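Residue 2 is where the sequence shown starts when you use our numbering, and the numbers rise one by one after that.
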Amino acid sequence: MRNTRRAATARTARTPAALLSAAVVALGAVAGCGGGPTSREELCDAYREYQKQVSRPHILSNEKVFDSLRELGEAAERYEGDDSVRAAGPALRKMGESDSYRPAEAQMRLRPVRAECRTG
């Protein structure tokens, strides 16, 4: 009886660890879905979303501006086309992850993205 109880306890102790491991793997798989290459259409959609958020008044919080800038940076980093767009990605993402940014700097960093979206 004692061996049975010990085996049952061992299985119970491993179950949460196994579930946690499975959850981490599943979460990683889901999170990785957006990590593929970015097409021009996806890049330009992210650029338009950023432009929309920047042009809106944000009375209480401009969090959506930062979110859209971060997402644009992530899309630019994975862009399949122009290397200058990919090179601008990390700086744009970093600006979106911060709690402040200079609009003039953002516009300068956005030049390759803007040019890519205008030529398409």
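Positions of the beta carbon are idealized from the N, C-alpha and C atoms, including for glycine. Note that this is a predicted model, so its numbers are computed, not measured.
Review point. Short check: CB of residue 77 to CB of residue 89, under 7 Å?
Key: yes
Review point. If you drop the 5 nearest sequence neighbours on each side, which residues of the same chain put their C-beta closer than 6 Å to that of residue 69?
Key: 50, 51 and 54
Point to revise | Which residues DSSP lists as bridging residue 80, in chain order | key: 39
Check your understanding: For residue 97 versus residue 57, is the C-beta distance shorter than 7 Å?
Key -> no
Practice item. Look at the alpha carbon of residue 115 and the alpha carbon of residue 48, and state the distance between them as a whole number of angstroms. Key: 8 Å
Check your understanding: Would residue 44 pass as a contact of residue 102 if the rule is Cβ separation under 7 Å?
Key -> no
Review point. Which of helix, strand or coil does DSSP assign to residue 102?
Key: coil
**Study point:** the ligand GDP heavy atom lying under 6 Å from the CB of residue 82
**Key:** By its list of ligands, the structure shown contains no ligand whatsoever, and the ligand GDP lies outside what it can speak to.
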